[in-house]
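S.K.: Dropping the structure in here first, questions after.
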Amino acid sequence: MAPTDRSKRCGIFRLTTPGGVQLIQRCPKRGFHPHPETHTGQPIYELCGHVYLNPRIKMDTVDLRQ
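Each number in the working numbering corresponds to the 1-based position in the sequence shown with 43 added.
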């Protein structure tokens, strides 16, 4: 499943390397579903703390999944 942080309205995350990337690459399922732990024991996702969201910039997010 996508990461969840109930203290924030939204978040920017990335797959961890190598654990999260390898696990997602090998997953045959589609859509949202849970995954087992990675073989490295690290989380699948990590917060992108280096990303700054500027509230004065207008942007649209488009979901291109089918």
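The C-beta atom is built at its ideal place from N, Cα and C for all residues, glycine as well. Here the structure is a predicted model, which is why all the values come from computation and not from measurement.
#1: Compute the distance between the beta-carbons of proline 86 and glycine 54, then report whether it is under 9 angstroms.
#2: Under DSSP, the beta strand (DSSP E) around arginine 57 begins and ends at which residues?
#3: Could you check how far apart the C-beta atoms of leucine 107 and phenylalanine 56 are, in whole angstroms? I think they sit under 8 angstroms.
#4: Report back the beta-carbon spacing between histidine 78 and cysteine 70 to the nearest angstrom; my notes put them in contact at under 8 angstroms.
#5: Three-state secondary structure (DSSP) at leucine 66?
M.R.: Taking the coordinates as given:
#1: For the purposes of this step, residue 86 is taken as the residue at position 43 of the sequence shown. For the purposes of this step, residue 54 is taken as the residue at position 11 of the sequence shown. No, the pair does not count as a contact, with Cβ atoms beyond the cut-off.
#2: Translated into positions along the sequence shown, residue 57 becomes position 14. Looking at the DSSP string, the run of the beta strand (DSSP E) that includes arginine 57 is 56-58.
#3: Here residue 107 refers to the residue found at position 64 of the sequence shown. Here residue 56 refers to the residue found at position 13 of the sequence shown. 18 angstroms between Cβ atoms; not a contact.
#4: Here residue 78 refers to the residue found at position 35 of the sequence shown. Here residue 70 refers to the residue found at position 27 of the sequence shown. At roughly 7 angstroms, the Cβ-Cβ gap stays under 8 angstroms, so histidine 78 and cysteine 70 are in contact.
#5: Along the sequence shown, read from residue 1 onward, the residue named residue 66 stands at position 23. The answer is helix: DSSP assigns leucine 66 an H, G or I state.
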